[in-house]
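Take 4 as the starting number for the sequence shown in this note's numbering and just add one per residue. Note that CB positions come from ideal geometry on N, CA and C, so glycine has one too. Everything numeric in this text was worked out from a predicted model, so none of it was measured. Take a look at the structure below.
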Amino acid sequence: HGLGARVSVGYGYRIPNPTELYGLALKPDGFVYRGNAELDTETNRNVEASLTLDRTRLSASATVFRTDLKGLITPVLAEDEVIVGKPVRSYANLADSRLTGASGSFQWRPLQTLTLSGTASYTHGEDLATGRPLAAIPPLQGSLAARLHDDADRWIAVETLAAARQERVASHAGEVETPGYGVFNLSAGFRIRGLETTLGVDNLLDRAYRAHLDPVRLLRPGRSFF
Numbered sequence: 004h005g006l007g008a009r010v011s012v013g014y015g016y017r018i019p020n021p022t023e024l025y026g027l028a029l030k031p032d033g034f035v036y037r038g039n040a041e042l043d044t045e046t047n048r049n050v051e052a053s054l055t056l057d058r059t060r061l062s063a064s065a066t067v068f069r070t071d072l073k074g075l076i077t078p079v080l081a082e083d084e085v086i087v088g089k090p091v092r093s094y095a096n097l098a099d100s101r102l103t104g105a106s107g108s109f110q111w112r113p114l115q116t117l118t119l120s121g122t123a124s125y126t127h128g129e130d131l132a133t134g135r136p137l138a139a140i141p142p143l144q145g146s147l148a149a150r151l152h153d154d155a156d157r158w159i160a161v162e163t164l165a166a167a168r169q170e171r172v173a174s175h176a177g178e179v180e181t182p183g184y185g186v187f188n189l190s191a192g193f194r195i196r197g198l199e200t201t202l203g204v205d206n207l208l209d210r211a212y213r214a215h216l217d218p219v220r221l222l223r224p225g226r227s228f229f
């Protein structure tokens, strides 16, 4: 029931996996991925600071981080190379790169029967040698949700998921810009004789959209029921 703070420093490494070393595969993003047997181990140093707040009806957290990497294993576009008519991506080590970002979340119960919650995150990735963005870094994104519930285990919730336009893309690796989007989900639940049932609809407004790392030629499924 108070304010908390945490600072952490970590050192780590990641060895390339078999796909990155020896693989050859066509993936849904439209690229053929070819391994690179000469990849080195990736190492990193991470510094993170967080603040948390815990009250009877309110909890929240905020985190900022910075990760410095040497030998980051990343996909790169193989210039003028195609396999079965598809462009080719291989893997390479970046000498020096950096990830910085922030994330946060909250949960608030203004009424006994109402709970509000939300999340947000942003990451900035940069190749320090060239200043170019790193591949596979998502844009600013987040969620907001409201849930009404009673003492009989009945509830209804509405949620929105949103992402900002992604203009800072690794075009040298074949990434393309993606527009921002916002979608709404609606769900409800109840319990009868120990049986818990959940009903809902995702993408309530049937919005066509593509997240940053989705296949370029495919859109997310439209409205769906469960």
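Residue state for A52 is assigned as strand, using DSSP reduced to three classes. In its chain, beyond the 5 residues on either side, P90, R92, H175, A176 and G177 have a beta carbon closer than 7 Å to the beta carbon of L80. The Cβ atoms of H127 and Q169 lie no closer than 8 Å to each other. Here A138 is buried, its C-beta having at least 16 other C-beta atoms within 10 Å.
Look at T126 here: in three-state DSSP terms it is strand. The alpha carbon of L24 has as its nearest neighbour, out of A40, G33 and F34, the alpha carbon of A40.
DSSP places P90 in the strand class (E or B) of the three-state scheme. Counting along the chain, Y36 sits inside the beta strand (DSSP E) bounded by residues V35 to R37.
Secondary structure at T22: helix, using DSSP grouped into helix, strand and coil.
The bridge partners DSSP lists for F68 are E51 and G104.
F229: not part of any beta strand (DSSP E); DSSP gives it neither H nor E. For D205, the enclosing beta strand (DSSP E) covers residues L198 to D205. Around the beta-carbon of D130, 16 or more other beta-carbon atoms lie within 10 Å, marking it buried. The alpha carbon of G107 has as its nearest neighbour, out of L143, E84 and R101, the alpha carbon of L143. The segment 51-70 makes no contact with the segment 30-37: fewer than 3 CB pairs, one atom from each, lie closer than 8 Å. Residue state for H215 is assigned as coil, using DSSP reduced to three classes. Annotated as proximal: L208 and F187, with beta-carbon spacing under 8 Å. A138 carries a coil assignment under DSSP once its states are collapsed to helix, strand and coil. Closest in alpha carbon position to E199, among Y212, R171, R157 and R223, is R157.
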